[in-house]
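Protein chains in written order, with this note's numbering: chain A, 1 to 296; chain B, 297 to 592. A virtual CB, placed ideally from N, CA and C, is assigned to each residue, including glycine. Computed from a prediction, not measured in an experiment: that's the story for all the values here. What follows is a set of notes on a single structure, which appears directly below.
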């Protein structure tokens with residue numbers, strides 16, 4: 001889906017890492033970050049360049065969009081640009097029908113940890129499912145065990161693992177973890193640490209106990225992602241809304257997240273065919289305006 | 297969508313009500329009931345006749361499918377056939393942007409209560425939303441107040457009101473009530489009684505605390521509806537699955553419902569275009585087979 005556009009590919013990468021600010025503040029949009037999935041017409045190099053130019057604080061990257069040179073090269077580009085990497089999407093997909101399948105998944109997740117380390121990503125986002133049978137409880141135990149096992153590998157690598165509670169409509173085909181309290185139980189069951197949660201407005205906004213759920217997340221929040229909810233949803237997977245186009249009180253969501261002690265990037269991740277068709281530079285400008293209006 | 301088929305329209309209606317069994321057991325399928333929305337090609341009269349002929353225990357009816365003569369005539373037909381009416385769908389849609397709109401909604405809900413009384417329906421199902429603004433909490437208070445107000449009218453009419461917790465993916469455009477504990481809080485806040493909940497597998501199966509949520513529903517369950525969850529969902533609204541085609545442990549769901557003390561009809565309600573295109577008689581046969589295999 002990458003569209004060639006006129007961006008420099010020879011960004012200098014010899015800037016010493018310690019000299020690079022954690023977030024780019026030169027044309028600051030505050031804490032606003034962009035998830036690469038919102039602008040899939042750009043290559044990873046283009047997205048890093050585009051977000052930097054637009055003054056974004058950070059970028060969330062996707063494993064399947066990494067180019068030749070992979071995570072190492074993308075990490076160099078981001079550091080050279082002074083752009084933080086707020087997330088790597090995504091590990092997880094732990095469940096498999098047999099031990100060989102589970103080993104294969106575990107090996108791939110260790111590679112994801114290695115990539116997150118090369119990117120200096122603030123978290124590796126985990127998609128926790130789906131179950132391989134109708135026994136949801138068994139699927140949930142399998143996920144919990146796999147997260148704990150992966151954390152043993154991720155801790156020494158310095159890569160925080162983020163359990164993502166996904167919207168319950170993904171319970172059948174993506175994630176058996178569908179509420180924030182459930183994600184927190186899994187994260188905190190790893191008593192040695194290194195596991196937290198990521199809060200996505202699109203996945204969590206419906207929770208009638210959101211205020212209490214968020215209060216319970218104190219000190220466990222590794223990241224925040226934002227998309228609006230369109231009513232009715234135009235598509236089960238690719239129907240997320242541009243900030244302000246939907247039903248979510250985004251400012252309140254961020255306030256609840258901040259009240260947990262979180263003060264990091266706010267990463268906009270919109271799966272939406274219409275947004276995907278737009279010029280990425282224009283999308284970044286629209287997101288910045290909507291962020292100012294509905295969040296900041 | 298009604299398709300004329302060869303069914304008697306002059307079913308005798310002069311059977312004394314007290315002589316009519318609560319459920320038809322002549323060709324018993326046990327507790328299996330059919331929601332009219334599963335077989336929309338049939339008129340209400342045809343659906344009552346078809347379900348009776350197939351040995352179903354009860355039928356769930358829809359207000360917008362009632363024919364000339366309305367609820368009174370449909371109630372007579374059902375009683376004459378010895379077919380219980382397990383539900384009337386649906387009241388609710390309480391929220392409105394102003395007082396005039398809320399009064400209009402309240403008046404329509406009182407008419408729904410009248411119709412449920414004429415049908416001798418076991419419950420009036422309430423769709424509790426959507427909110428008219430982004431303030432979900434305000435929408436939820438509006439719903440709770442409206443349910444309490446409607447209960448004052450429904451109690452003397454002998455019509456139980458069923459708060460339906462709907463799947464969180466309907467939070468934006470249908471129901472701000474999206475979990476069972478939340479539905480129970482609303483139902484039980486009406487301390488004078490007359491309000492309970494209806495449990496639909498499609499809406500509730502994802503709940504990681506389902507066992508505890510169901511245990512908390514004891515003595516408040518007015519009805520049970522069944523549909524399977526297709527993964528991934530083919531459509532946000534019309535993508536429910538035939539029993540056994542999806543990811544839900546239906547037998548376990550019914551066991552949990554029964555453990556609350558519920559022993560009434562199990563009503564199959566499948567919104568699915570493919571099912572809707574099928575011959576309704578064949579659909580009833582398929583549902584009966586799947587029920588025997590996955591539920592009974």
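Asked, Found
"Environment of residue 565 of chain B [buried if 16+ CB atoms lie within 10 Å]", "buried"
"CA-to-CA distance, residue 161 of chain A to residue 203 of chain A, given in whole angstroms", "18 Å"
"Inter-stretch contact at 8 Å, needing at least 3 Cβ pairs: the region 212 to 227 of chain A / the region 101 to 118 of chain A", "no"
"N-terminal and C-terminal residue of the beta strand (DSSP E) that residue 563 of chain B is part of", "562 to 564"
"Buried versus exposed, by CB contacts within 10 Å (16 or more), residue 300 of chain B", "Confidence at residue 300 of chain B is low in this model, with a pLDDT of 34, below 50, so the placement of that residue should be treated as unreliable; the coordinate-derived value is given next. Flag for residue 300 of chain B reads exposed."
"The ligand SAM heavy atom lying under 7 Å from the CB of residue 227 of chain A", "Of ligands this structure carries none, so the ligand SAM is not represented either."
"CB contact check: residue 21 of chain A to chain B, cutoff 8 Å", "Because the pLDDT at residue 21 of chain A is just 39, under 50, the model does not fix this residue reliably, and the value given afterwards should be weighed accordingly. Not closer than 8 Å to any Cβ of chain B, the Cβ of residue 21 of chain A fails to qualify, so no."
"Secondary structure of residue 59 of chain A, DSSP reduced to three states", "strand"
"Backbone secondary structure at residue 237 of chain A - three-state DSSP", "coil"
"Residue 200 of chain A: first and last residue of the uninterrupted beta strand (DSSP E) it sits in", "195 to 200"
"Those runs of the alpha helix (DSSP H) which lie wholly inside the region 108 to 161 of chain A and span at least 4 residues", "136 to 157"
"Local Cβ density within 10 Å of residue 228 of chain A, reported as buried at 16 or more and exposed below that", "buried"
"Exposure label - residue 585 of chain B; buried when at least 16 CB within 10 Å", "exposed"
"Residue 4 of chain A - DSSP class collapsed to helix/strand/coil", "With a pLDDT of 34 at residue 4 of chain A, under the threshold of 50, the modelled position of this residue cannot be trusted, and the question is left open."
"DSSP three-state assignment for residue 71 of chain A, whether helix, strand or coil", "helix"
"Cβ-based contacts, 9 Å cut-off: residues of the region 153 to 175 of chain A near chain B", "167, 168, 169, 170, 171, 172, 173 and 174"
"Whether residue 493 of chain B touches residue 476 of chain B by CB criterion (8 Å)", "yes"
"Supposed close pair residue 60 of chain A, residue 29 of chain A - CB separation, criterion 8 Å", "With a Cβ gap of about 15 Å, residue 60 of chain A and residue 29 of chain A do not count as contacting."
"CB contact below 8 Å: residue 544 of chain B versus chain A", "yes"
"CB contact below 8 Å: residue 321 of chain B versus chain A", "Note that residue 321 of chain B has pLDDT 41, beneath the 50 cutoff, so the model's placement of it is unreliable and the number below is only indicative. So no, residue 321 of chain B is outside the interface."
"Closest residue to residue 481 of chain B among B:463, B:440, B:556 and B:354 (Cα-Cα distance)", "B:440"
"Amino acids of chain B, ordered along the chain, whose beta-carbon sits closer than 7 Å to that of residue 225 of chain A", "Neighbours of residue 225 of chain A on chain B: none; closest Cβ ~17 Å, over 7 Å."
"Residue burial classification, residue 517 of chain B (beta-carbon count within 10 angstroms, cutoff 16)", "buried"
"Positions along the region 508 to 541 of chain B whose CB lies within less than 9 Å of some CB in chain A", "525, 526, 527, 528, 529, 530, 531, 532, 533 and 535"
"Min CB distance residue 132 of chain A to chain E below 8 Å", "Although the question refers to chain E, the structure presented lacks it and instead comprises the protein chains A and B."
"Nearest-angstrom Cα separation, counted from residue 174 of chain A out to residue 236 of chain A", "12 Å"
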